[in-house]
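Data first, discussion second: the structure below is written as structure tokens.
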Amino acid sequence: SGRNSRGRWKERHEKRKKGHRRGPGKRKGAKGAREDPHRKWVSTIRKLRNFLKWLRDSGTIDTATYRKLYTLSKGGAFKSLADLKRHLVERGIQVT
Numbered sequence: 004s005g006r007n008s009r010g011r012w013k014e015r016h017e018k019r020k021k022g023h024r025r026g027p028g029k030r031k032g033a034k035g036a037r038e039d040p041h042r043k044w045v046s047t048i049r050k051l052r053n054f055l056k057w058l059r060d061s062g063t064i065d066t067a068t069y070r071k072l073y074t075l076s077k078g079g080a081f082k083s084l085a086d087l088k089r090h091l092v093e094r095g096i097q098v099t
């Protein structure tokens, strides 16, 4: 059959599976092209919402506070879960 050898490709592929050949010099696309910004947002907002639900259900925050924080999260007020926790601590809400 008139195909080329895949030996070299296999070697490179195995290396890449281990994280080799993936350094900054090999990256051509922008960060947003390599990592879908929407997927990142979905992942972050799920973490925030699950945490808020847990706080509400465990009685740490009341429903009104939960709603307020939920809306803030939706609006992108918190960069990460750590950011949300920082916000709560600043307002004197004990977070474990």
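Under the numbering used here, the first residue of the sequence shown carries the number 4, and numbering increases by one thereafter. In this text, a Cβ means the ideal position worked out from N, Cα and C, and glycines have one as well.
I need the straight-line Cα distance from residue i to residue j, nearest angstrom please.
i: His23; j: His16; result: 9 Å
i: His41; j: Arg59; result: 27 Å
i: Ala33; j: Ser83; result: 22 Å
i: Tyr69; j: Asp39; result: 29 Å
i: Ala29; j: Asn7; result: Checking the displayed sequence, the identity of residue 29 turns out to be Lys instead of Ala. When rounded, the distance between both Cα atoms is 24 Å.
i: Leu87; j: Lys31; result: 33 Å
Short of 7 Å in beta carbon distance, which residues of its chain neighbour residue i, apart from the five on each side in sequence? Order them along the chain.
i: Arg25; result: Arg19
i: Leu72; result: Leu55
Starting from the C-beta of residue i, find all residues in its chain whose C-beta is less than 8 Å away, skip the five residues before and the five after it, and write them out in chain order.
i: Ser46; result: none
i: Thr74; result: none
i: Phe81; result: Leu51, Leu75, Leu87, His90
Going by DSSP, what residue range makes up the alpha helix (DSSP H) through residue i?
i: Thr68; result: 66–77
i: Arg11; result: 10–20
Assign residue i to buried or exposed, taking buried as 16 or more other Cβ atoms, counted over all protein chains shown, within 10 Å of its Cβ.
i: Ser61; result: exposed
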